[in-house]
Ligand code: ATP
Ligand code: MG
Ligand code: MG
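Numbering (the UniProt record's numbering), first residue to last: 6 to 558.
Structure representation (structure tokens):
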């Protein structure tokens, strides 16, 4: 799977570079609002913004679009920075829209001076209602034709804090009959007494998204302002504002690309916030969350996310990609990089009845040299202890084997991976008739897992020496949203939420080498999948993905 080398954005930049629109300069920005944690959708935008700039040896800044103090805070700013760094990108600079408040204010006065903005004293509902709709005429505000001087005085009073919150707005004076609602005298400023995480109480008026965004782009020298398709109808307003201002450089241009949506996944900050607030998940970095921090904790390699984003590329039609495709990138990376280990998630004791003892009467301990990663010889081998008592998976034994069950059952011979061939001779049951121990005999001639007579066995099973096993907890995950398209059935994604999407196994037994696994490291548990060592809780492992590729093209 390789990435497309060309798309409508890169093509247009090539044209701009040839015609010299921006003097050959390419500058993009990633402009999150610090009101939540970044998610997989943002990862796509990050890959687009930073990736495009890198392809043209341009610059990409991180700009915190911090114009709405009610919902923003420093914790989000910090997590956004950390997530971008983890994804492997380094902003040329980290900038804040709030640093432009003074310039934006001055430009607003300039628009007022040109007769292109006015202070409206109507309430928000009235203004919305008067905006009309598609095919429905707009109604002009009675304040629309205020003289310039009066608008200036009123706007200055707004800034000076002489009016209560929400009692007035500054609006651009464009066209109340425009077919694009965004141009029906959009709001530029609101009065809002709210403490800003950077400017404190300096301001009681705050610019709207539209008034801040393009102007911030222009101040920074952005050339190509890339955003998602839903901003398409804002583009004429973006251009209109810039056209009114005395810019020193060619105005930036906004171009829109498709949002990333995934099956079984929601990417609305508000909804993700709800999952955290209601305790459905264990915080923003719960391994089931589509947040960057959740994916990181789940064990997704940053490189796999980047490759997935570049593979799906930049298009202009919204579509939902299969989560299995993303997982398939993750699996391919982990297959190359992760160390193989043996772990038993639901242990069942196996006793080798003919296991030898040493002179002192203690069971012999053997050590097998096992390859750490067949995909990478440099990862070397490790020594795995083996004794007469072992743990195997409960699933790998059946007292009465169902059809096509070839693993251990009475009378059946199997291979204990890399060790010996063993045949089940007996079982021990508890009072309720459950098998609690399986007795086997080993073939001492089969050391390494092959019999000298070349006889075949159908199954190879993983195991952990009981005397050497470490205890571990393992979390298995289902889809957080069981429906492919959460909310499609009822209109509410929460109706498709699977509140039992985590199964925590608390009595797993793992081989001793796992004591050296680093926080956050991902290993392959043989036959079971890829598992990420929790960054905070030692010996807690999260299943990243299973081994089988479920992506059907
Ligand atoms: P939400 O709508 O969930 O609150 P947002 O779009 O408001 O998120 P921002 O912080 O404003 O989040 O987004 C920063 C950038 O990320 C924007 O350019 C936006 O277009 C882009 N972005 C957000 N969600 C996605 C997505 N699902 N796919 C691609 N890009 C996205
Ligand atoms: Mg936003
Ligand atoms: Mg949004």
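C-beta: ideal position from N, C-alpha, C; glycine also. None of the values given here were measured: they were computed from a predicted structure.
In this structure, the C-beta of residue 50 approaches ligand 1 to less than 7 Å from one of its heavy atoms. Between ligand 1 and residue 46, a heavy atom-to-CB distance of less than 7 Å is present. Spatial neighbours of residue 276 in its own chain (CB-CB distance under 7 Å, excluding positions within 5 residues in sequence) are listed in chain order as 498. If you draw a straight line from the Cα of residue 446 to the Cα of residue 88, it comes to about 53 Å. The continuous stretches of alpha helix (DSSP H) do not include residue 478, which lies in the beta strand (DSSP E) extending over residues 475-482. In this structure, the beta-carbon distance from residue 34 to residue 227 falls below 8 Å.
Taking C-alpha positions only, residue 206 is separated from residue 39 by approximately 18 Å. Exclusion of the five residues before and after residue 266 leaves 325 as the residues of its chain whose Cβ lies within less than 6 Å of its Cβ. Distances from the CB of residue 240 to the heavy atoms of ligand 1 are all 7 Å or more. Secondary structure at residue 174: strand, using DSSP grouped into helix, strand and coil. Straight-line spacing of the CA atoms in residue 55 and residue 97 works out to 10 Å. Annotated three-state conformation of residue 249 is helix, per DSSP. Beyond the five residues adjoining it in sequence on each side, residue 491 comes within less than 6 Å, by CB distance, of 271, 498, 501 in the same chain, given in chain order.
As summarised for the segment 354-387, there are no continuous alpha helix (DSSP H) elements at least 4 residues long confined to that stretch. Annotation: the continuous alpha helix (DSSP H) that includes residue 282 extends over 274-282.
Taking the Cβ of residue 265 as the reference point, at least one heavy atom of ligand 1 falls within a distance shorter than 7 Å.
When DSSP states are grouped into helix, strand and coil, residue 415 belongs to the coil group. Boundaries of the beta strand (DSSP E) around residue 211: 210-212. The beta carbon of residue 274 sits closer than 7 Å to at least one heavy atom of ligand 1. Straight-line measurement puts the Cα of residue 480 at about 15 Å from the Cα of residue 524. Nearest in C-alpha terms to residue 327, of all of 317, 450, 268, 350, is 268. Inclusion of residue 257 and residue 223 in the CB contact set at 8 Å is warranted, their separation being smaller than that value. Of the heavy atoms belonging to ligand 1, at least one sits nearer than 7 Å to the Cβ of residue 38. When 339, 283, 278 are compared, the shortest CA-CA separation from residue 306 is found for 339.
In this structure, DSSP gives residue 11 a state outside helix and strand, which the three-state scheme calls coil. Nearest neighbour of residue 170 by Cα position, chosen from 428, 184, 128, turns out to be 128. Between ligand 1 and residue 70, a heavy atom-to-CB distance of less than 7 Å is present. Checking the 7 Å criterion, the Cβ of residue 131 is out of range of every heavy atom belonging to ligand 1.
Relative to ligand 1, the beta carbon of residue 233 is positioned inside 7 Å of a heavy atom.
Inside the segment 392-458, DSSP marks whole beta strand (DSSP E) runs of 3 or more residues at positions 394-398, 418-421, 426-434, 440-447, from first to last along the chain. A Cβ-Cβ distance of about 4 Å is found for the pair residue 74 and residue 201, placing them in contact under the 8 Å criterion.
Leaving aside the five residues that flank residue 552 on each side, the residues in its chain whose CB is nearer than 8 Å to its CB run, in chain order, 336, 529, 532, 533, 534, 535. Within the same chain, Cβ atoms closer than 6 Å to the Cβ of residue 422 are found at 465, 467, the five residues on either side in sequence being excluded. A residue is called buried once 16 or more other Cβ atoms fall within 10 Å of its Cβ, and residue 159 is buried on that count.
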